[in-house]
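The structure appears below as structure tokens.
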Amino acid sequence: MEKRRNDSEEKEKRRNDSEEMEKRRNDSEEMEKRRNDSEEMEKRRNDSEEMEKRRNDSEEMEKRRNDSEEMEKRRKTDTCVE
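UniProt numbering applies: residue 1 is where the sequence shown begins, and numbers increase by one.
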């Protein structure tokens, strides 16, 4: 009788341990998923910043090109006037 009770308690303990291990595994997987999501969001943010930088650089280059063309046009006009 005592042995059965001990066996039953041991089974219960194993079941609880198994459930606890499963819970920890799930928690660990959830933490890993959150970490990956966080890394993905950081990557997207960086990509977005890089795209914005490129857009700004492109606009700046376009502005310089236009300024250069305007200067050349003025130079030609000034040369013709003289």
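The C-beta atom is built at its ideal place from N, Cα and C for all residues, glycine as well. Keep in mind that this is a model prediction, so the values were computed, not measured.
What number of angstroms, rounded off, separates the C-alpha of residue i from the C-alpha of residue j?
i          : j          : result
residue 72 : residue 50 : 33 Å
residue 67 : residue 59 : 12 Å
residue 57 : residue 39 : 27 Å
residue 1  : residue 20 : 29 Å
residue 80 : residue 46 : 51 Å
Can you tell me whether residue i sits near the ligand GTP, meaning its C-beta is under 7 Å from at least one heavy atom of the ligand?
i          : result
residue 80 : Absence of the ligand GTP from the depicted structure is noted, as is the absence of any ligand whatsoever, leaving it without description.
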